[in-house]
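**Student:** Numbering (the numbering used here) for the sequence shown: 30 to 343. Glycine residues also receive a C-beta, built at the ideal position from the N, C-alpha and C atoms.
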Amino acid sequence: MRRLVAETRLHPADLVLPLFVKEGLTEPAPLTSMPGQVQHTEESLVDAVRAARDAGLGGVMLFGIPTVKDATGSQADAEDGILQRALRASRKVLDEVPAGTATPVLMADTCLDEFTDHGHCGVLTSTGAVDNDTTLARYASMAVAQARAGADVISPSGMMDGQVAMIRDALDDADFLDTSILAYSAKYASAYYGPFREAVDSELKGDRKTYQMDYANAREGLREADLDLAEGADIVMVKPAGSYLDVLRAVADRSDVPVAAYQVSGEYAMIEAAGANGWIDRDRAVLESVTSIKRAGADVILTYWALEIAEWIK
Ligand code: PBG
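#1: Applying the 10 Å Cβ sphere with the 16-neighbour rule, what's the burial state of R82?
#2: Is Y240 close to the ligand PBG? I mean its beta-carbon at under 7 angstroms from any heavy atom of the ligand.
#3: Decide yes or no for the touch test of the stretch 257-268 against the stretch 215-223: beta carbon pairs closer than 8 angstroms, at least 3 of them.
#4: Give the single residue among R252, Y244, A228, A305 whose Cα lies nearest to the Cα of F144.
#5: For the ligand PBG, enumerate in chain order all residues having a CB closer than 5 angstroms to any of its heavy atoms.
#6: Please classify L54: does DSSP put it in a helix, a strand, or coil?
#7: Pull up the CB-CB distance for M171 and D106, whole angstroms please, since I reckon it's below 8 angstroms.
#8: With a 10 Å radius around its C-beta and 16 neighbouring C-beta atoms as the bar for buried, classify P47 as buried or exposed.
#9: Does DSSP put S145 in a helix, in a strand, or in coil?
#10: Per DSSP, what are the beta-bridge partners of I210 in this structure?
#11: Among G191, Q113, L60, K323, which residue has its Cα nearest to the Cα of G362?
#12: Does the count of Cβ pairs from the stretch 245-258 and the stretch 64-81 closer than 8 angstroms reach three?
#13: Take G87 as the anchor and find which of V193, V182, S103 has the nearest alpha-carbon.
#14: Thinking C-alpha only, which one of T154, V159, A203, N161 is nearest Q346?
#15: For the alpha helix (DSSP H) that contains M195, what are its first and last residues?
#16: Would you call the stretch 140-157 in contact with the stretch 184-197, where contact means no fewer than 3 C-beta pairs closer than 8 angstroms?
#17: Helix, strand or coil: how does DSSP classify A270 here?
#18: Please list, in chain order, all residues of the same chain as Q241 whose beta carbon is under 8 angstroms from its beta carbon, the five residues on each side excluded.
#19: Which same chain residues, not among the five before or five after E72, have their C-beta less than 6 angstroms away from its C-beta?
#20: Bridge partners for L91 per DSSP, in chain order?
#21: Across which residues does DSSP place K216 in a beta bridge pair?
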């Protein structure tokens, strides 16, 4: 009876698996603060993408970690940069399916923080502030490099004003008319990103409060989503997910494009830690947390448990 009348049902195609690939690694490097997750080598990344494909996931989201970080994140848009190399290899694997078979959507994180030596999502002014408009030009160049490397979806996560419009123009000018934009629209300055800093070897000192939002504000999140919709976003995202289900529901109610939510590294780490201690039933908590995100209005859910959940529900 419960199965018959369930209002919300997860499907593998709802789920997007975030993956980290690090230049120069020879063995996958386990992440202490995200048990079960790793920084991939270029080879092991391809295996993970293949697993995502075979599990029927909706997408994969790639994050690249370069050997050399600098002030402008010059590896972010380099043709042979780690992320572009990983995208090309992933494209190949995802397309190795019989004609007419669905394959996961290939998404790329479009942000500078993995690539800068100061760890901010943009380039800095001489006084150390994040320079919004100079950063937009970097994102535009990055987006075109990612599209050229085979990304289906460009995912600006840096919360610069005007980033969606700028990227749309750059993609169109370069003839990538069919490349989509997943906009991190309502992205909050959150303590729940903690473990991600380990995952991308972040050098950040300080915080991102000059460009990410205050968790006290919900209306502001709607305004950010409206702006991104007006600029041409194809999908709008709320991030983190679990503590922002109210914002997610409100964005879903007014968006006429699909809505995504990102269950972030800290949300993952908390359930893993409590589960490992025997304080909660890990598997049940995983399913409850992800189903709740869908119930709150997400069409697309980024979760580090995507593969495991797909296995459970298939
Ligand atoms: C920025 C980015 C971050 C995350 C995804 N994209 C870090 C941040 O904004 O501070 C966090 C994801 C997670 O915590 O799982 N490139």
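**Tutor:** In short:
#1: Counting Cβ neighbours within 10 Å, R82 comes out buried, since at least 16 surround it.
#2: Every heavy atom of the ligand PBG is 7 angstroms or more from the Cβ of Y240, so no.
#3: The answer is yes - the stretch 215-223 touches the stretch 257-268, with three or more Cβ pairs under 8 angstroms.
#4: Selected option, being the one with the closest Cα: A228.
#5: In chain order, the residues that have a beta carbon nearer than 5 angstroms to some heavy atom of the ligand PBG are C140, D142, S186, Y222, F225, V293, S294.
#6: Coil at L54, not helix or strand.
#7: Their Cβ separation, rounded to whole angstroms, is 4 angstroms, which keeps M171 and D106 in contact under 8 angstroms.
#8: With at least 16 other beta carbons inside 10 angstroms of its own, P47 counts as buried.
#9: Checking the sequence shown, residue 145 turns out to be Thr, not Ser. Judged by DSSP in its simplified three-state form, T145 adopts strand.
#10: DSSP lists I183 as partners of I210.
#11: The structure shown does not extend to residue 362, since the chain spans only 30 to 343, so no value can be given for it.
#12: Judged by Cβ distances under 8 angstroms, the stretch 245-258 makes no contact with the stretch 64-81, as fewer than three pairs qualify.
#13: The shortest Cα separation from G87 among V193, V182, S103 belongs to V182.
#14: With the chain running from 30 to 343 in the structure shown, residue 346 is simply not present.
#15: Bounds of the alpha helix (DSSP H) holding M195 are 192-202.
#16: Yes, the stretch 140-157 is in contact with the stretch 184-197.
#17: Secondary structure at A270: coil, using DSSP grouped into helix, strand and coil.
#18: For Q241, where only same-chain residues beyond five positions count, the Cβ hits under 8 angstroms are M188, K216, Y217, A218, S219.
#19: Here the set comprises nothing.
#20: As computed with DSSP, L91 is found in a beta bridge with L48, A137.
#21: In DSSP, K216 forms a bridge with K268.
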